[in-house]
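Structure record follows, encoded as C-alpha cells.
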Amino acid sequence: MHSSLIATLLAASAIVSTALAGPLYTRQVCGAAPGGNVAQTPLSQPAGITTAADCATQCKGNPSCLSFLFGLVNSADKCMLFSVAAASLPPQTNMVAYDVGCSSIPSVVPTAANPGGLANGGGAANGGSQGNQHQRRQQQGGNGGAQGGATGNNNGGTTQNGANNGGTNNGGATANQGTHANPMNAIPAGNPNPISTPAATSLAACLAACRGNPACVAYTFTSNTCKLF
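For my numbering, count along the sequence shown from 1 and bump the result up by 58.
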C-alpha cells in the first residue's frame, strides 16, 4: 500500500516535470500590436500587398511563415512575413501583427486614420485614434477635389461691382483697374476718356477689340457703343 502510493506520487511528479519542461502556450495575436522585445528578421516582404488579408495569403503560401506584420508605413502599405509566433515580434509603428492561424483577417485598405487596416477602423501599434474605413485611394481623390476647388478670388482676382459679364478677375487686377491680360468690363478709376471707340455689335466683340489693343485694360458696351480704356 505504502509502495503503491510512492509509485503514484513519483509518476505524477514525472508528468508535472515533463509539462514544465515543454514549451509554454503562446497566446494567439490577431490584429494587435505584438509585445516581443527581440528583433526578428523577416522571411520576406512581399510587394503590392494592400490589405492584411492579402498579407495573410502570402504567409499561408510560405511553409516557414508563422506570423506577419501589416500596416501603412511612410504612406506605403507594408507586409512582413516571419518564422516565429506573432507574440515574439517587437512592436513597429503603424503595424499590427497576426498569427497565420487567425480566423478573421480584414480586407481593409489602410489609411492615415486607420494605418493597420483594421476592420473596426481603430489605430495600430502606435495607439492611433479611430478613423473612418474609407479606402486611402478614395480619401486621396476627395482631397484632390477639395484642393482644386479654389475660387477666382483666391487667385488674386477681385469681383467687379456692376460688371455686365458677372465674372471674377483671376489675373491679379485691383479694384477698379484691369489689366490687358484680364480687362475689366467697367470704367477705370478716375473716369478717364476712352482710348478708342471701335465698331462692335456685342459685348463679346467689344472685349475682343480690347484684347486686340495692347493699351486696353478696360472696356464698356452700352447703348450699342463700345469704349476701350
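Every residue, glycine too, gets a C-beta built ideally from N, C-alpha and C.
Assuming contact is defined by CB atoms lying nearer than 8 Å, are T278 and A244 in contact in what I supplied? Reading the sequence shown from its first residue, position 220 is the one you call residue 278. Reading the sequence shown from its first residue, position 186 is the one you call residue 244. Cβ distance < 8 Å, so T278 and A244 count as in contact.
Nearest neighbour of P164, chosen from N240, K118, A110 [CA to CA]: As a working mapping, residue 164 is identified with position 106 in the sequence shown. Looking at N240, K118, A110, the one whose alpha-carbon comes closest to that of P164 is A110.
Closest to T160 by CA distance: which of P173, A134, L130, C113 is it? For the purposes of this step, residue 160 is identified with residue 102 of the sequence shown, where counting begins at 1. Here residue 160 turns out to be Cys, not Thr, going by the sequence shown. Nearest option by C-alpha distance: C113.
Could you check the C-alpha separation between S125 and A90 for me, to the nearest Å? Here residue 125 refers to the residue found at position 67 of the sequence shown. Here residue 90 refers to the residue found at position 32 of the sequence shown. In this structure, the CA atom of S125 is about 12 Å from the CA atom of A90.
Counted within 10 angstroms of its Cβ, other Cβ atoms place G270 as buried (16 or more) or exposed: Numbered from 1 along the sequence shown, position 212 holds the residue referred to as residue 270. Residue environment analysis places G270 among the exposed positions, since fewer than 16 neighbouring C-beta atoms fall within 10 angstroms of its C-beta.
For N178 and T237, I'd like the C-alpha separation in whole angstroms. Working through the sequence shown from its first residue, we reach residue 178 at position 120. Working through the sequence shown from its first residue, we reach residue 237 at position 179. When rounded, the separation of the alpha-carbon atoms in N178 and T237 is 56 Å.
For the alpha helix (DSSP H) that A262 lies in, which residues bound it at each end? Here the question's residue 262 lines up with position 204 in the sequence shown. Start and end: 261 to 269.
Option in S122, R85, Q116, D135 with minimal Cα separation from T108: Here residue 108 corresponds to residue number 50 of the sequence shown, with the count starting at 1. Of S122, R85, Q116, D135, the residue nearest in Cα terms is D135.
For C123, report the span of its beta strand (DSSP E) as first-last. Here residue 123 refers to the residue found at position 65 when the sequence shown is read from its first residue. For C123, there is no enclosing beta strand (DSSP E), as DSSP marks it with neither H nor E.
Express the C-alpha separation of L176 and S102 in angstroms, rounding to a whole number. Along the sequence shown, read from residue 1 onward, the residue named residue 102 stands at position 44. Along the sequence shown, read from residue 1 onward, the residue named residue 176 stands at position 118. In a straight line, the C-alpha of S102 is about 22 Å away from that of L176.
Check whether the Cβ atoms of D157 and Q98 sit closer than 8 Å, and answer yes or no. The sequence position of residue 157 within the sequence shown is 99, counting from 1. The sequence position of residue 98 within the sequence shown is 40, counting from 1. Annotated as distal: D157 and Q98, with beta-carbon spacing of 8 Å or more.
C-alpha distance - T169 paired with G93, whole-angstrom precision: Here residue 169 is taken as the residue at index 111 of the sequence shown, counted from 1. Here residue 93 is taken as the residue at index 35 of the sequence shown, counted from 1. Each residue's Cα considered, the two are about 23 Å apart.
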